Amino acid sequence: MANPMAGEVVIRLDGRKRVARLTLGALAEVEAELGGSVLDLVRRFESGAFSARDILVLLFAALKAGGWKGSEEDLRQAEIGGGPLEAARIAATLLVRAFTVPGQE
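Position one of the sequence shown corresponds to residue 971 (the working numbering), numbered consecutively onward.
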C-alpha cells in the first residue's frame, strides 16, 4: 500500500491502514506549527528529546499529505496501532525517508 521509495509509511488508525508522507508543503506546515525548523525537529528525534506534540504535528501533516481527511482532533482521539512507541517510530521513519535518497539508506 505504501511506497517507501516515495517516502511513504503506513500507519494504522482505528484499525485502518493509512498512508503518510512528508511533502515539502507538509514539512512547511510542521515548521509553522512547531515554531522552529525541520532541522531542529530532526535533532530532537536524533537525541531522543522529541515531545508527544512533535509526533502529533508530524503525523498529522504527513497523513494529510497522504490523502487523509481527518482533523487534528480526530488524530488525537484515534487509536494508533502499536501505541505511542509505534507512533514515535513512524514519525522518525517519515523524517528519515523525507531526507534520504532512495537506494542510499
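All C-beta atoms, glycine included, are put in the ideal place defined by N, C-alpha and C. Everything numeric in this text was worked out from a predicted model, so none of it was measured.
Residue burial classification, residue i (beta-carbon count within 10 angstroms, cutoff 16)
i       : result
Gly977  : buried
Phe1069 : exposed
Lys1039 : exposed
Arg1046 : exposed
Leu1055 : exposed
Leu994  : exposed
Boundaries of the alpha helix (DSSP H) in which residue i is found, first to last residue
i       : result
Ala1068 : 1053 to 1068
Lys1034 : 1022 to 1035
Cβ neighbours of residue i in the same chain (closer than 8 Å, five flanking residues each side left out)
i       : result
Glu1042 : Leu1026, Phe1030
Proximity of residue i and residue j at Cβ, strictly below 8 Å
i      : j       : result
Leu983 : Ile1050 : yes
Pick from the options that is closest to residue i, judged by C-alpha positions
i       : options                   : result
Ala1002 : Gln1047, Asp1024, Arg1014 : Asp1024
Ala990  : Gly1006, Asn973, Ala998   : Asn973
Val985  : Gly995, Glu1016, Gly1053  : The sequence shown places Gly at residue 985, not Val. Among Gly995, Glu1016, Gly1053, the Cα nearest to that of Gly985 belongs to Gly1053.
Own chain, CB closer than 6 Å to residue i, minus 5 neighbours either side, in chain order
i       : result
Ala1058 : Ile1025
Leu1004 : Val1027
Phe1020 : Arg1014
Proximal residues to residue i (C-beta, below 7 Å), its chain only, five neighbours per side dropped
i       : result
Val1000 : Val1008, Leu1011, Val1027, Leu1028, Ala1031
Where the beta strand (DSSP E) through residue i begins and ends
i      : result
Leu992 : Note, Leu992: premise wrong, no beta strand (DSSP E); not H, not E.
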